[in-house]
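Enquirer:
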Amino acid sequence: MLKKDILRRKEDFSSIYRRGKSVGDKYIVLFYRKNNLGYKRIAFLASKKVGNSVRRNRARRLMRENYRFLKDSIADGYDLIFIARNTINDKKLSDVGKSMKNAVRRANLLK
Numbered sequence: 035m036l037k038k039d040i041l042r043r044k045e046d047f048s049s050i051y052r053r054g055k056s057v058g059d060k061y062i063v064l065f066y067r068k069n070n071l072g073y074k075r076i077a078f079l080a081s082k083k084v085g086n087s088v089r090r091n092r093a094r095r096l097m098r099e100n101y102r103f104l105k106d107s108i109a110d111g112y113d114l115i116f117i118a119r120n121t122i123n124d125k126k127l128s129d130v131g132k133s134m135k136n137a138v139r140r141a142n143l144l145k
């Protein structure tokens, strides 16, 4: 991912949470909002509810890897926040991928 593709500023996160929409699935929650840019920006989060630092980092890695497969099929011009649920623990890459694809599909963000 390029540096411009990553959400970093608190104002961006706040606006997505306040004015954006959300879709939940078995292992993740997706918050999204139109950003009026020619590209999509992304963030992957795992709270302490997911577990210790090892589990949180694994959850973010699983989501990041699955995003790599999905990014070409997601429409441009959106800010996306993928948040791991505590059910993501001990799940395989393919399970998390199905969950992410379902959430993106239900949010109507597929090209």
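Once you know that position 85 of the sequence shown is 119 in the numbering used here, the rest is easy, because the numbers rise by one and skip nothing.
We put the CB at the ideal spot given by N, CA and C, even for glycine.
Everything numeric in this text was worked out from a predicted model, so none of it was measured.
1) Three-state secondary structure (DSSP) at Arg95?
2) What is the residue span of the alpha helix (DSSP H) that Ile50 lies within?
3) Quick one: Cα of Arg140 to Cα of Ala93, how far?
4) Which stretch, first to last residue, makes up the alpha helix (DSSP H) that contains Asp147?
5) Counting only runs that start and end within the region 49–86, where is the beta strand (DSSP E) found for 3 or more residues in a row?
Expert: Reading it off the structure:
1) helix
2) Annotation: the continuous alpha helix (DSSP H) that includes Ile50 extends over 44–53.
3) The alpha-carbon of Arg140 is positioned some 21 Å away from that of Ala93.
4) Residue 147 is absent from the model: the chain starts at 35 and stops at 145.
5) Given a length threshold of 3 residues, each whole run of the beta strand (DSSP E) inside the region 49–86 is given here in chain order: 55–58, 62–68, 75–80.
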